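**Q** If you scroll down you'll find the structure; I have some questions about it.
In the working numbering, the protein residues as written are 471 to 956.
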């Protein structure tokens with residue numbers, strides 16, 4: 471994708487304001503009445519007044535939208551989805567020499583753990599026609615294994631939460647780069663300009679906060695927007711009734727002054743983003759509040775997601791998953807949820823069993839309900855669902871009964887749009903410590919996601935400070951994960 475050229479944006483703005491007699495209210499109505507799909511976003515043609523207008527992909531897309539179920543804290547995936555009978559057999563014993571010989575490949579994870587393997591107490595069983603092993607911690611998800619593509623050989627570049635979370639969400643271990651959701655909406659726009667193209671649903675985000683859903687150097691319109699999971703999705707969206715009738719005229723005046731101010735500062739994309747956000751907020755009044763009306767759903771649907779469960783954490787996560795489905799139905803391009811109800815999430819350093827039981831209980835039923843709901847409504851074929859944390863955990867015991875961070879081998883899964891259902895890709899070693907067969911860096915996961923959406927990882931770029939910046943780094947430095955896309 472050719473980069474946005476700042477000068478071209480400012481010329482487009484000036485020319486438009488000079489030649490057009492339409493007010494911003496007319497523009498908003500025109501956008502509602504005549505939606506259009508533009509060519510792939512050559513930067514010079516990205517309309518600053520309608521940055522979320524839907525755009526054509528580079529490639530034939532397998533999926534149109536994304537739901538990213540981010541699992542903050544680093545789940546121990548060999549306690550959930552990556553069955554390790556050798557680890558169970560070696561429980562309480564020292565790490566075998568055959569594993570220790572690879573110490574130089576796994577950094578310092580041995581330094582903060584006992585030389586003692588610790589299997590989880592969970593029972594395992596095969597499920598579905600694919601016969602995939604799933605722990606008893608995820609009984610609801612287990613019913614959907616034939617819809618999942620399990621990637622068992624992921625690895626990260628950092629063993630610390632914030633850098634690893636940045637990496638999974640932005641492709642870089644340092645904050646400040648555009649997030650995956652921002653890149654996707656930059657590349658494709660959104661099917662509904664009356665809602666943000668990229669929506670976040672969370673109570674507590676991961677360490678690093680908003681840098682995980684930042685637009686970075688991309689135009690501000692592509693930053694993630696938080697929707698509340700309880701009550702109105704966005705506060706103070708509706709004006710007080712005495713002001714409602716004059717709101718449009720007031721906004722037109724404010725926007726005219728903003729444009730005059732921006733015209734003296736060509737190329738300042740934050741100003742363009744702020745101006746666009748006013749228009750988006752005005753248009754959102756017609757749809758955003760309706761998104762949060764979960765009472766519109768049948769009682770059966772609400773119960774399937776666990777909305778009335780006595781476990782408040784499960785009910786909360788159920789609401790986020792149901793909101794995600796409703797946003798997808800409305801045409802939002804990228805929806806991301808965070809599991810954590812506190813700053814720890816899955817991060818069980820001293821109490822692995824407690825943390826994993828708690829988090830699995832929270833996410834299992836709502837996740838399964840989301841998959842079933844999308845499938846029943848015909849949305850799973852065009853929606854890519856991703857389940858991933860920032861890293862995994864060590865099979866060695868830490869503290870009394872915990873596990874340390876382990877970036878060297880963990881599992882993620884994908885489902886829906888174009889993904890090979892029921893497949894399992896790669897593997898870790900016998901105890902789940904290190905990706906051994908088909909190890910995959912995060913950039914390969916990102917490249918595979920972009921390709922599923924019809925975005926070529928090398929053609930999706932933005933020129934910043936004289937460099938062509940990409941989600942996947944230097945051109946041709948990535949590979950598609952083999953066997954994921956059907």
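Quick reminder that beta carbons are idealized off the backbone N, C-alpha and C, glycines included.
The structure presented is a predicted model; accordingly, all values stated were derived computationally and were not measured.
Okay, do the stretch 584-597 and the stretch 858-869 touch, 3+ Cβ pairs below 8 Å being the bar?
**A** Touching, yes, given that three or more Cβ pairs across the two stretches are closer than 8 Å.
**Q** I'd like to confirm the pairing. Which residues does DSSP put opposite residue 671 in its beta bridges?
**A** For residue 671, which the question treats as bridged, DSSP gives the partners 697, 807.
**Q** Pick from 601, 898, 578: whose alpha carbon is nearest that of residue 881?
**A** Nearest of 601, 898, 578 to residue 881, Cα basis: 898.
**Q** Which ranges does the beta strand (DSSP E) cover as unbroken runs of at least 3 residues, wholly within the stretch 846-872, from first to last along the chain?
**A** Those beta strand (DSSP E) runs which fall completely within the stretch 846-872 and span 3+ residues are 853-859.
**Q** Does any residue of chain B have a CB that is nearer than 8 Å to the CB of residue 848?
**A** You won't find chain B in this structure, because it holds only one protein chain.
**Q** Bridge partners of residue 880, per DSSP?
**A** In the DSSP output, where bridge partners are listed per residue, residue 880 has 624.
**Q** Tell me, to the nearest whole angstrom, how far the beta carbon of residue 544 is from that of residue 816; I am working on the premise that it is less than 8 Å.
**A** Yes, they are in contact, since the Cβ atoms of residue 544 and residue 816 sit about 6 Å apart, within 8 Å.
**Q** Taking a contact to mean a Cβ-Cβ separation below 8 Å, would you say residue 734 touches residue 798 in this structure?
**A** No, they are not a contact pair.
**Q** Smallest Cα separation from residue 518: which of 678, 801, 690?
**A** Taking only the C-alpha atoms, the option nearest residue 518 is 690.
**Q** Check for me: the alpha helix (DSSP H) holding residue 773 runs from which residue to which?
**A** Here the alpha helix (DSSP H) through residue 773 covers 769-774.
**Q** With distances taken between CB atoms, is the gap from residue 549 to residue 607 smaller than 8 Å?
**A** Yes, they are a contact pair.
**Q** In angstroms, rounded to a whole number, what distance separates the CA positions of residue 730 and residue 521?
**A** Going by the C-alpha atoms only, they are around 19 Å apart.
**Q** Among 782, 801, 660, 547, which has the Cα closest to the Cα of residue 874?
**A** Minimum Cα distance to residue 874 is reached at 547.
**Q** Is residue 613 near residue 894, with beta carbons less than 8 Å apart?
**A** Not in contact: residue 613 and residue 894 (Cβ atoms no closer than 8 Å).
**Q** On the DSSP letters alone, give me the boundaries of the alpha helix (DSSP H) that residue 685 sits inside.
**A** Counting along the chain, residue 685 falls outside any alpha helix (DSSP H), and DSSP gives it neither H nor E.
**Q** Which residue's Cα is closest to the Cα of residue 600: 594, 851, 615?
**A** Closest option to residue 600, Cα to Cα, is 615.
**Q** Between which two residues does the alpha helix (DSSP H) holding residue 653 run?
**A** Residue 653 -> alpha helix (DSSP H) spans 650-658.
**Q** Alpha carbon to alpha carbon, how far is residue 681 from residue 827? Give it in angstroms, no decimals.
**A** For residue 827 and residue 681, the distance between alpha carbons rounds to 29 Å.
**Q** Per DSSP, what kind of secondary structure is residue 637 in: helix, strand or coil?
**A** Looking at residue 637 - three-state DSSP - the assignment turns out to be helix.
**Q** In the structure shown, what three-state DSSP assignment does residue 784 receive?
**A** Reduced to three states, the DSSP call for residue 784 is helix.
**Q** Examine the Cβ distances between the stretch 573-582 and the stretch 522-532 and report whether three or more of them are shorter than 8 Å.
**A** The stretch 573-582 is not in contact with the stretch 522-532.
**Q** For the alpha helix (DSSP H) containing residue 914, list its first residue and its last residue.
**A** Residue 914 -> alpha helix (DSSP H) spans 912-922.
**Q** Please return the same chain residues whose Cβ sits closer than 8 Å to the Cβ of residue 916, not counting the five positions on each side in sequence.
**A** For residue 916, where only same-chain residues beyond five positions count, the Cβ hits under 8 Å are 641, 650, 927, 941, 942, 948.
**Q** Among 833, 843, 823, 646, which has the Cα closest to the Cα of residue 809?
**A** Taking only the C-alpha atoms, the option nearest residue 809 is 833.
**Q** Can you give me the C-alpha to C-alpha distance between residue 914 and residue 727, rounded to a whole angstrom?
**A** When rounded, the distance between both Cα atoms is 45 Å.
**Q** Have a look at the DSSP bridge pairing and note the partners of residue 540.
**A** 808, 858.
**Q** Out of 821, 694, 780, 934, state which residue places its alpha-carbon closest to the alpha-carbon of residue 805.
**A** The shortest C-alpha separation from residue 805 is found at 694.
**Q** Rank 700, 842, 645, 611 by C-alpha distance to the C-alpha of residue 770 and give the top, closest one.
**A** Nearest option by C-alpha distance: 842.
**Q** For the beta strand (DSSP E) holding residue 595, just list the boundary residues, first then last.
**A** Residues 594-597.
**Q** Answer yes or no: the CB of residue 588 versus the heavy atoms of the ligand GDP, is any distance below 7 Å?
**A** This structure lacks the ligand GDP; in fact it carries no ligand of any kind.
**Q** So which of 541, 686, 702, 552 has the shortest CA-CA distance to residue 602?
**A** Minimum Cα distance to residue 602 is reached at 552.
**Q** Where does the unbroken alpha helix (DSSP H) through residue 559 begin, and where does it stop?
**A** First-last of the alpha helix (DSSP H) with residue 559: 555-559.
**Q** With residue 934 as the anchor, note down where its alpha helix (DSSP H) starts and where it stops.
**A** Where residue 934 is concerned, there is no enclosing alpha helix (DSSP H), although the beta strand (DSSP E) it sits in stretches over 932-934.
**Q** Leaving aside the five residues before and after residue 502 along the sequence, list all residues of the same chain whose C-beta is less than 6 Å from its C-beta, in chain order.
**A** Bear in mind that a pLDDT of 38 at residue 502, under 50, signals an unreliable position, so the number given afterwards is only what the model happens to contain. Counting only Cβ-Cβ distances below 6 Å, and skipping sequence neighbours, we find nothing.
**Q** Please determine, among 632, 789, 773, the residue with the shortest C-alpha to C-alpha distance to residue 698.
**A** With distances taken between Cα atoms, residue 698 lies closest to 789.
**Q** Within 10 Å of its beta-carbon, does residue 700 have 16 or more other beta-carbons around it, so buried, or fewer, so exposed?
**A** Answer is exposed; the Cβ neighbour count stays below 16.
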